[in-house]
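I have placed the structure first, in the form of structure tokens, so that the comments after it can refer back to it.
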Amino acid sequence: MKNVKTLLFFLVLVVIFIGCDKEDESDPVSPPPPPPATTGTIAGTISVPPGSSSSPANTRVAVYANYDDWLNDRTLRTVGADANGNYSIGNLPPGSYYLDAWKDQNGDARISFGDLYNVYGSGTWPNYQLSPISVAAGQTVPISLQLVLI
């Protein structure tokens, strides 16, 4: 009887050790990597001319798919700059875009004298040259503009 109890005791120990085998433990499954980005962003800051009493808040920042759309004010996306002039336009498919910023100072709902305006490119109003902005997937392109009084 004593041998049966001893044998039973060792049998229980073997079962316990087998149940605790480290090879049975599975490693935690790592989550799959996120899918690659398929869109990009244009972001930056809009500032007003030195000495201006205006704020950059609510400046319309617009992105255009091509030059012809810019000429005809057919915006692809628009956002309003925050109180500090910060803006971000995301979810843009890879490609080239044009950008302008406009603060309607006189409330006539059109770009006109007395407004603050600028485009991404070289030169200043009215003698400026627009430059395309290349956006790649997963990229944020920093573009900051200082508005000029027109």
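For the sequence shown, numbering that gives the first Met the number 0 begins at 0 and goes up steadily by one.
Here a beta-carbon is modelled for each residue, glycine too, at the ideal position from N, C-alpha and C.
Could you check whether residue j and residue i sit closer than 9 Å to each other, using their CB atoms as the reference points?
| i | j | result |
| --- | --- | --- |
| I132 | Y96 | yes |
| K102 | R59 | yes |
| L91 | V47 | no |
| N117 | L75 | no |
From residue i to residue j, what does the alpha carbon distance come to, in whole angstroms?
| i | j | result |
| --- | --- | --- |
| T38 | A64 | 14 Å |
| G79 | A56 | 7 Å |
| I45 | P93 | 23 Å |
| N71 | Y119 | 17 Å |
| D68 | Q128 | 15 Å |
| A108 | A61 | 15 Å |
| Y66 | P31 | 41 Å |
| G89 | P33 | 18 Å |
| S130 | V28 | 48 Å |
| S51 | L98 | 22 Å |
Return the chain-ordered list of same chain residues with a C-beta closer than 8 Å to the C-beta of residue i, the five sequence neighbours on each side being excluded.
| i | result |
| --- | --- |
| V147 | P48, L115, Y116, N117, T123, W124 |
| G149 | Per the sequence shown, residue 149 should be read as Ile rather than Gly. Excluding residues within five positions, the ones whose Cβ falls inside 8 Å are I110, S111, F112, G113, D114, L115, Y116, W124, P125. |
Spatial neighbours of residue i within its chain, please: CB distance less than 7 Å, with the 5 preceding and 5 following residues excluded, ordered by chain position.
| i | result |
| --- | --- |
| Q138 | G39 |
| P141 | A42, G43 |
| N105 | S111, G113, D114 |
Assuming the contact rule is C-beta atoms closer than 8 Å, residue i and residue j should be a hit. Round their C-beta distance to whole Å, please.
| i | j | result |
| --- | --- | --- |
| S53 | A82 | Actually they do not touch by this definition, with Cβ atoms about 12 Å apart. |
| A136 | A36 | 5 Å |
Short of 6 Å in beta carbon distance, which residues of its chain neighbour residue i, apart from the five on each side in sequence? Order them along the chain.
| i | result |
| --- | --- |
| G84 | T44, I45, S46, P55 |
| S121 | Q128 |
| T77 | R59, A61 |
Practice problem: Within the region 114-146, note down every full beta strand (DSSP E) run reaching 3 residues or more, in order along the chain. | Solution: 115-118, 120-123, 126-129, 132-134, 139-141
Exercise. Could you name each continuous beta strand (DSSP E) segment of 3 residues or more that falls completely within the region 18-83, going from the start of the chain to the end?
Key: 39-46, 59-63, 76-79
Exercise. Let me know the beta strand (DSSP E) ranges lying completely inside the region 88-117, each 3 residues or longer, listed in chain order.
Key: 94-102
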